[in-house]
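The numbers in the sequence shown follow my numbering, run straight up by one, and end at 307.
All C-beta atoms, glycine included, are put in the ideal place defined by N, C-alpha and C.
Working notes, beginning with the structure itself.
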Amino acid sequence: EYLGLPLVPPFTDLKMQTLTRELISLLGSNGTGAFLSRGERIHFVTPTDMMDNALILMGEIGGNDLNYAFFVGKPIEEIRELVPLVITTISSAITELIGMGGRTFLVPGNFPLGCSVAYLTLFQTPNMEEYDPITGCLKRLNTFAEYYNKQLQAELDRLRKLYPHVDIIYADYYNALSRLFQEPAKFGFMNRPLPACCGLGGPYHYTSGKKCGFEGVEYCNDPSKYVNWDGVHMTENAYRLIAEEEKH
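Written out as structure tokens, the structure reads:
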């Protein structure tokens, strides 16, 4: 919206599904380039045409790999060993896209994991020393996210020196989201806006086996007062505020 671009159409739109099938068929038979829709017409463009003027968002490579390790109970020390592998993969992908003509990249860091409803529920503890007294987030998980982000930024600095003609922008998702938990009233959220708007059970309105969209799962009356939507994703209002912070 800020850039004046149209919103991404929903994947359930029948026209988009038809167009997607046609593009896959065309690309499969042609083998190069891509097709962009302009109204009823379809135009062929080469990868170089697309890359040279594109803002390429490099997210969220490796996010689910780290999530899975946490959710199956791997020790945090062991999960830290995955961080260099994830960051190397991100770096390799950026390097490959630079070779294809990419010139502008937006690379997001990790969110404060200790403020995620899914993580707060999974690692819930009676030991209040493990929680941030201001936000209620789990400190050790946020420390892990900070470690990841520091390593990622170091790698991006290395790439900037190797490719001075390329713009590599770090998106600080961590601090953009943290401020919403630190000063919720300032941004129009309820006090301690950790519980999910759409969910069921427990102090955070989240149950792993009964997620948002399941029968009987409730949703709040005013999502704009909540930061967390379904325990994993943020609300539209939270994402809007994060985007506004990043555009500066």
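Residue i burial status per 10 Å Cβ neighbour count (16 or more: buried)
| i | result |
| --- | --- |
| ASP289 | buried |
| ILE258 | In the sequence on display, residue 258 carries Gly and not Ile. Buried, because 16 or more other Cβ atoms sit within 10 Å of the Cβ of GLY258. |
| LEU66 | exposed |
| MET187 | exposed |
| MET117 | buried |
| GLU99 | Residue confidence for GLU99 is low, a pLDDT of 44 falling below 50, so the modelled location carries little weight; the figure read from the coordinates is stated next. Looking at its Cβ environment, which holds fewer than 16 other Cβ atoms inside 10 Å, GLU99 is exposed. |
| MET159 | exposed |
| LEU125 | buried |
| GLY161 | buried |
| ILE227 | buried |
| THR194 | buried |
| PRO252 | buried |
| PHE248 | buried |
| TYR127 | exposed |
| ASN89 | Residue placement at ASN89 is flagged as unreliable, the pLDDT there being 47, under the threshold of 50; the coordinate-derived value follows with that caveat. ASN89 is exposed by the Cβ-count criterion. |
| ASN250 | exposed |
Contact belief for residue i with residue j at Cβ below 8 Å, rounded distance in angstroms
| i | j | result |
| --- | --- | --- |
| ILE120 | PHE129 | No, ILE120 and PHE129 are not in contact; Cβ-Cβ is about 17 Å, not under 8 Å. |
| GLU305 | ALA230 | 5 Å |
| GLY173 | LEU211 | GLY173 to LEU211, Cβ: 18 Å. No contact. |
Residue(s) in a DSSP beta bridge with residue i
| i | result |
| --- | --- |
| GLU277 | GLY258 |
| ASN287 | MET293 |
| LEU116 | LEU165 |
| ILE228 | LEU165 |
| TYR190 | LEU197 |
Pair within 9 Å by beta-carbon distance, residue i and residue j
| i | j | result |
| --- | --- | --- |
| TYR265 | VAL166 | no |
| MET110 | LEU156 | yes |
| LEU200 | SER150 | no |
| ALA204 | GLY168 | yes |
| PHE164 | ILE115 | yes |
| ALA255 | ASN287 | yes |
| ALA235 | ILE301 | yes |
| SER237 | PRO171 | yes |
Identity of the residue in the options nearest residue i by Cα
| i | options | result |
| --- | --- | --- |
| LEU239 | ASN208, VAL145, SER283 and GLY261 | SER283 |
| GLU214 | TYR298, GLU303, CYS279 and ALA152 | ALA152 |
| ASN123 | MET110, VAL145 and LEU114 | VAL145 |
| HIS292 | LYS270, GLU277 and GLY132 | LYS270 |
| PHE246 | GLY272, VAL225, THR148 and TYR285 | TYR285 |
| TYR206 | LYS133, LEU141 and GLU274 | LEU141 |
| ARG299 | LYS220, ILE135 and TYR232 | TYR232 |
| PRO192 | ASN112, THR154 and GLU242 | GLU242 |
| THR184 | PHE273, ASN112, PRO262 and GLY275 | PRO262 |
| PRO223 | ILE135, ASN280 and THR154 | THR154 |
Residue i Cβ short of 8 Å to the ligand PLP heavy atom set
| i | result |
| --- | --- |
| LEU300 | The ligand PLP is not among the ligands present in this structure, which contains no ligands whatsoever. |
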